[in-house]
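Enquirer:
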Amino acid sequence: SSKPGSGLLDGLDPEQRAAACAPRGPVCVLAGAGTGKTRTITHRIAYLVRSGHVAAGQVLAVTFTARAAGEMRTRLRALGVEGAQARTFHAAAMRQLRYFWPRVVGDQQWDLLDGKLRMVGQAANRVGVNTEAEVLRDLAGEIEWAKASLVGPDDYAAVTLRAQRDIPEPAARVAEVYRAYEEIKNGARLLDFDDLLLHTTAALEEHSAVAEEFRDRYRCFVVDEYQDVTPLQQRLLDAWLGGRDDLTVVGDANQTIYSFGGASPRQLLEFTRRFPEATVVRLERDYRSTPQVVELANTVIGAAKDRPAGSRLRLVGQRPDGPPPRFAEYEDETAEAEATAHRIRELLDSGIPASEVAVLYRVNAQSEAYEQALTELDIPYLVRGGERFFDRREVRQAMAALRTAAARDADRRGDLATVVRSVLHPVGLSEQPPSGGAAKERWDALLALVELAEELENTVEAPELARYVAELEQRAAAQHPPTVEGITLASLHAAKGLEWAAVFLVGLAEGTVPIQHADGDSGAIEEERRLLYVGITRARERLELSWALARGAGGRRQRRRSRFLYGLLPEHHPAARAGRPQPKAAGKRTSCRVCGCTLTATMEVKLGRCTGCPSDVDEDLLARLKAWRVERARELKVPPFVV
Ligand code: ATP
Ligand code: MG
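When we follow UniProt numbering, the leftmost residue of the sequence shown carries the number 6, and every step to the right adds one.
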C-alpha cells in the first residue's frame, strides 16, 4: 500500500491492524493471552510515529516490568522507532519527579527508601505491634495495598473492614503502624515506590505550570497489562492525560494477578463507558501456543467463577500441533526438582536453546531446590529471568566499551577473543569467576560475549573487532542472545507477558497452587487460578506440569495435587477413556464423581469418589466439569462419560 508506514502492519491480522492504525484517540484491546496485544501496541506506536501522526518523543508507553519495558524498546527499535519512551509506571514517575522536584519542592534532597521491611519494623516497634518477620511482611503488604488504593492512614481502618481484607493485626493497629511508617520515612526524607507515583501525581495536579509543560511534551499514551492497574496508577495516568483522550490500553481480565496489591480489571472493563467513542478490538487467535496448550488454558480459565463480561473469550490456537502437555507426579519435592532438571537436560541436548526454557513456580523460595538440581547437571540458569540479555546493565556497558574500542580501531594484540576479553576486563570480566550469586551471573553474561567472539573466529577468517561489534548489534536488534545465557527460573508473577518454547510449571500441589493462605477465600482462590492460567500461557510448544506428594526430600507430610488439575489431567479426558471398557453400573457409583476414573476399592465405591480426589469439591465446579466433558466428547466424537 502507498500509505507511509503501512508495510509495517503486514505482520498483523485484520483485528490487530484495526487497533494499530486506529486514529489517535481512545483505543482498547481486550483479549486473551498470546493473542498479540503487546505486538499490536508496539506496532501502533511505530505506525503513528512513522506515518507522522505523532513524534516519537511525544509517546509514553507503560508496561508492567522493567523486562517488559526493555523488550518493548527493543521491538520499537527493530521497527525503526527511536526515542519513544517505554517504562514501568515507577520508572516513568521517578524520571518525571526528578525533573520537576526543584520546582515543586525546592532544593530539599530525597532518596529512595532501601530496606522497607526494616522501616516497617521500626514503625511496628514504635506502636508496640508484633515484629515477627512474617507479620512485618504482611504489614508492609497492607501499607502497599493502602497506598496503591489511595487510602491514607486515617481511612485505612474503615476501608479495609469494608473490603474484608485478611489482615495480620486489628485494622486500627495496622493503621497506627502505617501512620508511624509514613512519619519515620518522611522524616528521613525517603520515598518508597508508591511515593514516587503519589508525588508525581500531586505535582501534576497541583502545579499548573508543571502540568502544562508535561502535557505539551507527552501527547500519546499507551498502557500494556491494563488489567492490573491500581487506583493510584490510574490517577497518575489521568494526571498525565489531563482530560485528553489519546490513550491506548490493552489487557486481559483473566490475567489480573495483583488484586491483593490493589489492582483491578475494572478500569479495563469500563474503558468504553468512560470513552464511548473508543475503538474497541477483541482478539481471539492465539499466536503463541500450540493448540494443546491453548486447550489447557481454556479449560483452566473456563472453570473460573465470576468471570466478568468481556473476559469470556475462548482462545483459538493458530499454530500447528505440538507435543502433548506432560503431567508428572513425584514422591517429594526433591525428586520433582531432580527429575525436572533431567528433563531440561534432555531438551537442551536435543538442541533447544537454554534461553527458551523456563521453570515457573508460585513462590520464590521454591527456586532453591531447582538451583541445586540444575547446578548438579551443569545447567546454567538465571533466577527470575532478569531483563533481556542485551538490556542487562553489564552487557550494555560492555557493548559501549566494545564500540569505543572498535572506533579507535584497537590495533588489534592477538586474536579476537583475547581482544574482547581485554576490553571487557575493566567492565567486570575478572580472570577468576566470582563464586556465585548476582556477581557470577554478571560474569557469565560477559563471558558469553567472549564466547561469541570465539564462535565468530570459527566461522569468519581473522574477524575484526568492528565486524564483531556489528554482529553484536545485529543480534541485539533481533533479540538473539548468546545461548549460554541459561534457563530462566521465575515466579509466576514475574513471568507475566513473557514466553518460552518450553515451560515447566512446578509445585502444582495444594498449599502451593493455590497458595495456603488463599484457602477459604474464593476471591483469592480465583486469583490463584488466573496465576496458573498466566503460567500455562507462557509456553509456546512444550508444557510440563508437575507436583510432589510430600514436602522436601522424603517428606512425610502428604499433599494433594492442585485442585486446578481436575479436568486437565489426561485421565480426566474423554479420549483417554474411549477405548476402555466401561464398568457396569450396578446401582452404585462405579466412577469417581470428581475425576471420572474407574473405582475399584470397595471403600471408594462407597464414597463415590477415588481417594485421590478431595471430598469438598463444590457442586458448581462439578457441574461445569460435566458440561465440559460432554462438550469435549462431542468435539472428539466419542461417547461422553458422565459421572
Ligand atoms: P500476553 O497476554 O501473554 O501478554 P500478548 O497478547 O501480549 O500476550 P504477544 O506477546 O504480543 O501477546 O504475542 C504473542 C506471540 O504471538 C508473540 O510471539 C508474537 O510475536 C506472536 N504474534 C502475535 N501476533 C501475531 C501475528 N499476527 N502473526 C504472527 N505472530 C504473531
Ligand atoms: Mg503482552
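The beta-carbon is built from N, C-alpha and C at its ideal position, and this holds for glycine as well.
Please report the straight-line C-alpha distance between V321 and D291, rounded to a whole angstrom.
Expert: Taking the sequence shown and counting its residues from 1, one reaches residue 321 at position 316. Taking the sequence shown and counting its residues from 1, one reaches residue 291 at position 286. So the two alpha carbons sit approximately 6 Å from each other.
Enquirer: Using the Cβ count rule (16 or more neighbours within 10 Å means buried), how would you classify T43?
Expert: Taking the first residue of the sequence shown as position 1, residue 43 is located at position 38. Classification for T43: buried.
Enquirer: Using the Cα positions of residue 1 and K445, report the straight-line distance between them to the nearest angstrom.
Expert: Residue 1 falls outside the range modelled here, since the chain spans only 6 to 648, and no answer is possible.
Enquirer: Please report the straight-line C-alpha distance between E174 and E87, rounded to a whole angstrom.
Expert: Start at 1 with the first residue of the sequence shown, and residue 174 comes out as number 169. Start at 1 with the first residue of the sequence shown, and residue 87 comes out as number 82. Their Cα atoms are separated by approximately 50 Å.
Enquirer: Only counting the same chain, and skipping five residues up and downstream in sequence, which positions put a Cβ closer than 8 Å to that of K310?
Expert: For the purposes of this step, residue 310 is taken as residue 305 along the sequence shown, with counting starting at 1. So the qualifying residues of the chain are S527, E531 and D625.
Enquirer: For the alpha helix (DSSP H) that Q239 lies in, which residues bound it at each end?
Expert: Position 234 of the sequence shown, counting from 1, holds the residue named residue 239. Where Q239 is concerned, the enclosing alpha helix (DSSP H) stretches over P236 to L246.
Enquirer: Whole angstroms is fine: what's the gap from P645's alpha carbon to C597's?
Expert: In the sequence shown, counting from the first residue as 1, residue 645 sits at position 640. In the sequence shown, counting from the first residue as 1, residue 597 sits at position 592. Here the model assigns P645 a pLDDT of 45, short of 50, so the residue's position is not dependable, and the following value carries that caveat. Going by the C-alpha atoms only, they are around 15 Å apart.
Enquirer: Does the stretch 165 to 179 come close enough to the stretch 67 to 77 that 3 or more CB-CB pairs lie under 8 Å?
Expert: Touching, no.
Enquirer: If you check the beta carbons only, do V362 and Y375 fall under 8 Å apart?
Expert: Along the sequence shown, read from residue 1 onward, the residue named residue 362 stands at position 357. Along the sequence shown, read from residue 1 onward, the residue named residue 375 stands at position 370. Going by C-beta atoms, V362 is not nearer than 8 Å to Y375.
Enquirer: Once you ignore the five residues that flank G37 on each side, which residues in its own chain have a CB closer than 6 Å to its CB?
Expert: For the purposes of this step, residue 37 is identified with residue 32 of the sequence shown, where counting begins at 1. Around G37: D257, L318 and L320.
Enquirer: Is the beta carbon of H58 less than 8 Å from the beta carbon of L202?
Expert: The residue you call residue 58 lines up with position 53 of the sequence shown. The residue you call residue 202 lines up with position 197 of the sequence shown. Not closer than 8 Å, so no.
Enquirer: Using the three-state DSSP reduction, which class does Q563 fall into: helix, strand or coil?
Expert: For the purposes of this step, residue 563 is taken as the residue at position 558 of the sequence shown. If DSSP states are grouped into helix, strand and coil, Q563 belongs with the strands.
Enquirer: DSSP on A580, reduced to helix/strand/coil?
Expert: For this step, residue 580 is matched to residue 575 along the sequence shown. Low per-residue confidence applies at A580: pLDDT is 49, beneath 50, and the placement is therefore not dependable, though the value from the model is reported in the following sentence. In this structure, A580 counts as helix in the three-state DSSP scheme.
Enquirer: Where does A495 land, buried or exposed, given buried means 16+ other C-beta within 10 angstroms?
Expert: Against the sequence shown, residue 495 aligns to sequence position 490. It is buried - the Cβ of A495 has at least 16 other Cβ atoms within 10 Å.
Enquirer: Is T43 near the ligand MG, judged by its Cβ being under 7 Å from some heavy atom?
Expert: For this step, residue 43 is matched to residue 38 along the sequence shown. Yes - the ligand MG has a heavy atom lying nearer than 7 Å to the Cβ of T43.
Enquirer: If you follow the alpha helix (DSSP H) that Q63 is part of, which residue opens it and which one closes it?
Expert: Counting from one through the sequence shown, the residue named residue 63 turns up at place 58. Premise fails: Q63 is in no alpha helix (DSSP H) and is neither H nor E.
Enquirer: Could you name the residues of the same chain whose beta carbon sits closer than 6 Å to that of L630, not counting the 5 residues immediately before and after it, in chain order?
Expert: Here residue 630 refers to the residue found at position 625 when the sequence shown is read from its first residue. Cβ within range, chain order: G572.
Enquirer: Given A403, which residues of its chain have a CB within under 7 Å of its CB, disregarding the five upstream and five downstream residues?
Expert: As a position in the sequence shown, residue 403 is number 398, starting the count at 1. Excluding positions up to five away in sequence, the list reads L429, V432, L451 and L454.
Enquirer: Between I492 and I262, is the Cβ-Cβ spacing less than 8 Å?
Expert: Within the sequence shown, the letter at position 487 stands for residue 492. Within the sequence shown, the letter at position 257 stands for residue 262. The answer is no: Cβ separation not under 8 Å.
Enquirer: Using the Cβ count rule (16 or more neighbours within 10 Å means buried), how would you classify D171?
Expert: The residue you call residue 171 lines up with position 166 of the sequence shown. Counting Cβ neighbours within 10 Å, D171 comes out exposed, since fewer than 16 surround it.
Enquirer: Ends of the alpha helix (DSSP H) at T261?
Expert: Here the question's residue 261 lines up with position 256 in the sequence shown. That residue, T261, is in no alpha helix (DSSP H); it is neither H nor E in DSSP.
Enquirer: Report the rounded CA-to-CA distance for T235 versus D250, giving the unit in angstroms.
Expert: Sequence index remark: in the sequence shown, residue 235 carries index 230 (1-based). Sequence index remark: in the sequence shown, residue 250 carries index 245 (1-based). The straight-line gap from Cα to Cα measures roughly 19 Å.
Enquirer: For the beta strand (DSSP E) containing Y335, name the first residue and the last one.
Expert: By 1-based counting over the sequence shown, the position of residue 335 is 330. Start and end: R331 to Y335.
Enquirer: From this set, L35, P31, I46 and R29, which residue's C-alpha is nearest L17's C-alpha?
Expert: Position 12 of the sequence shown, counted from the first residue, corresponds to residue 17. Closest option to L17, Cα to Cα, is I46.
Enquirer: Which one of P439, A411, D449 and T423 has the shortest CA to CA distance from L387?
Expert: As a first step, residue 387 must be located in the sequence shown, where it is residue number 382. For the residues P439, A411, D449 and T423, the minimum Cα distance to L387 belongs to D449.
Enquirer: At the level of alpha carbons, what is the spacing between A378 and A340?
Expert: Counted from its first residue, the sequence shown places residue 378 at position 373. Counted from its first residue, the sequence shown places residue 340 at position 335. So the alpha carbons of these two residues sit roughly 9 Å apart.
Enquirer: Let's see if you can read the secondary structure: which residues bound the beta strand (DSSP E) around E466?
Expert: Along the sequence shown, one-based indexing puts residue 466 at 461. Unbroken run through E466: none, as it is neither H nor E.
Enquirer: Since A129 sits in a beta bridge, which residues does DSSP pair it with?
Expert: Mapped onto the sequence shown, residue 129 falls at position 124. Note: A129 sits in no beta bridge, so no partner.
Enquirer: Given 7 Å as the limit, tell me if D233 has its C-beta closer than that to any heavy atom belonging to the ligand ATP.
Expert: Taking the sequence shown and counting its residues from 1, the one referred to as residue 233 is at position 228. Answer for D233: no, Cβ out of range of the ligand ATP.
Enquirer: Around the C-beta of P19, are 16 or more other C-beta atoms found within 10 angstroms, so that it is buried, or is it exposed?
Expert: As a working note, residue 19 is residue 14 in the sequence shown. Counting Cβ neighbours within 10 Å, P19 comes out exposed, since fewer than 16 surround it.
Enquirer: Return the chain-ordered list of same chain residues with a C-beta closer than 7 Å to the C-beta of R447, the five sequence neighbours on each side being excluded.
Expert: Along the sequence shown, read from residue 1 onward, the residue named residue 447 stands at position 442. Excluding sequence neighbours, R447 sits near E399 and G433.
Enquirer: When every heavy atom of the ligand MG is checked, does at least one fall within less than 7 Å of the C-beta of G247?
Expert: Here residue 247 is taken as the residue at index 242 of the sequence shown, counted from 1. The answer is no for G247.
Enquirer: Classify E188 as helix, strand or coil using the three-state DSSP reduction.
Expert: Here residue 188 refers to the residue found at position 183 of the sequence shown. Helix.
Enquirer: Taking the alpha carbon of L382 as the reference point, which residue from I357, A346 and S372 has its own alpha carbon closest?
Expert: Numbered from its first residue, the sequence shown carries residue 382 at position 377. Measuring from the Cα of L382, the nearest candidate turns out to be A346.
Enquirer: Taking 7 Å as the cut-off, is the beta-carbon of L144 closer than that to any non-hydrogen atom of the ligand ATP?
Expert: For this step, residue 144 is matched to residue 139 along the sequence shown. Incorrect: L144 has no Cβ contact closer than 7 Å to the ligand ATP.
Enquirer: Give a yes or no on whether the C-beta atoms belonging to P31 and F394 are separated by under 8 Å.
Expert: Here residue 31 corresponds to residue number 26 of the sequence shown, with the count starting at 1. Here residue 394 corresponds to residue number 389 of the sequence shown, with the count starting at 1. No, Cβ-Cβ distance for P31 and F394 is not below 8 Å.
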